[in-house]
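For reference, the structure is listed below as structure tokens.
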Amino acid sequence: MIIGITGDTHGSKKALRQVLSTAPPVDCWLHTGDYSQDAEFLAYESKLPVYKVAGNTDPVQGRANLDEVLLLDNTKIWLTHGHHYMRDYRIEELAWWGRKLEVDIVVFGHTHIPLIKWFGDILLLNPGSPVQPRDEQGPSFMVASIHQDKKPEIKIIPIISK
73 MIIGITGDTH GSKKALRQVL STAPPVDCWL HTGDYSQDAE FLAYESKLPV
123 YKVAGNTDPV QGRANLDEVL LLDNTKIWLT HGHHYMRDYR IEELAWWGRK
173 LEVDIVVFGH THIPLIKWFG DILLLNPGSP VQPRDEQGPS FMVASIHQDK
223 KPEIKIIPII SK
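Under this note's numbering, read the sequence shown as residues 73 to 234, first letter to last.
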């Protein structure tokens, strides 16, 4: 299964169009919040299932759940924006929660910085932001290839402005 991962899109349809025009074929999308309503646009444009969560800047009306636990291709994924679970951007706290939830992968946003990091047997993934990056890598999203009984293959994909 190939999963597209984005978030921290902050209402930018232009950024979502750039993500879609840059992305390889995927089976579904995950949206990490900050602006979870963008997931509807992503679903409409891609014609694919989109799983979403709310972030700290999401308006109350039309807001998604704060967390989702998904089972995709026998891989248990906790999708969260992350702002409720890490103090001072300490991502190791997300790994702790991931163990409590007995997941394989934690997908989160909030930092706007792409990340692929193992904490023991828990994989933390952050796609960065396609519209407001906070690091020198620039705008980005992520693609994860997960297959039962294999280690996930993850790619951070930069977005080049056109």
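C-beta: ideal position from N, C-alpha, C; glycine also.
Start-to-end residues for the beta strand (DSSP E) that takes in residue i
i: residue 69; result: Residue 69 lies beyond the residue range present for the chain, which begins at 73 and ends at 234; the question has no answer from this structure.
i: residue 98; result: Residue 98 -> no beta strand (DSSP E), and no H or E assigned at all.
i: residue 124; result: 122 to 124
i: residue 230; result: 225 to 230
Pairwise C-alpha distance: residue j and residue i
i: residue 214; j: residue 88; result: 13 Å
i: residue 139; j: residue 111; result: 15 Å
i: residue 167; j: residue 191; result: 6 Å
i: residue 103; j: residue 92; result: 13 Å
i: residue 230; j: residue 198; result: 13 Å
i: residue 101; j: residue 136; result: 15 Å
i: residue 170; j: residue 142; result: 13 Å
i: residue 174; j: residue 90; result: 34 Å
i: residue 187; j: residue 146; result: 23 Å
Per-residue DSSP class, three states only, for residue i
i: residue 113; result: helix
i: residue 91; result: helix
i: residue 189; result: strand
i: residue 145; result: coil
i: residue 161; result: helix
i: residue 108; result: coil
i: residue 201; result: coil
i: residue 84; result: coil
According to DSSP, residues forming a beta bridge with residue i
i: residue 78; result: 103
i: residue 218; result: Residue 218 pairs with nothing; no bridge assigned.
i: residue 178; result: 150 and 196
i: residue 208; result: Answer is none; residue 208 lacks a bridge partner.
i: residue 139; result: 152
The ligand NAD heavy atom lying under 8 Å from the CB of residue i
i: residue 75; result: As for the ligand NAD, it is missing from this structure, which has no ligand bound.
When the Cβ atoms of the stretch 179 to 197 are set against those of the stretch 136 to 156, are three or more pairs found closer than 8 Å? Yes: the two stretches touch, three or more of their Cβ pairs being nearer than 8 Å.
Are there three or more Cβ pairs, one per stretch, closer than 8 Å when the stretch 198 to 214 is compared with the stretch 113 to 132? No: fewer than three Cβ pairs fall under 8 Å.
Is there contact here, the stretch 195 to 203 with the stretch 77 to 87, by at least three beta-carbon pairs under 8 Å? Contact holds: three or more Cβ-Cβ distances are below 8 Å.
Kindly confirm or deny that the stretch 217 to 233 and the stretch 108 to 124 touch, where touching means at least three C-beta pairs closer than 8 Å. Contact fails: fewer than three Cβ-Cβ distances are below 8 Å.
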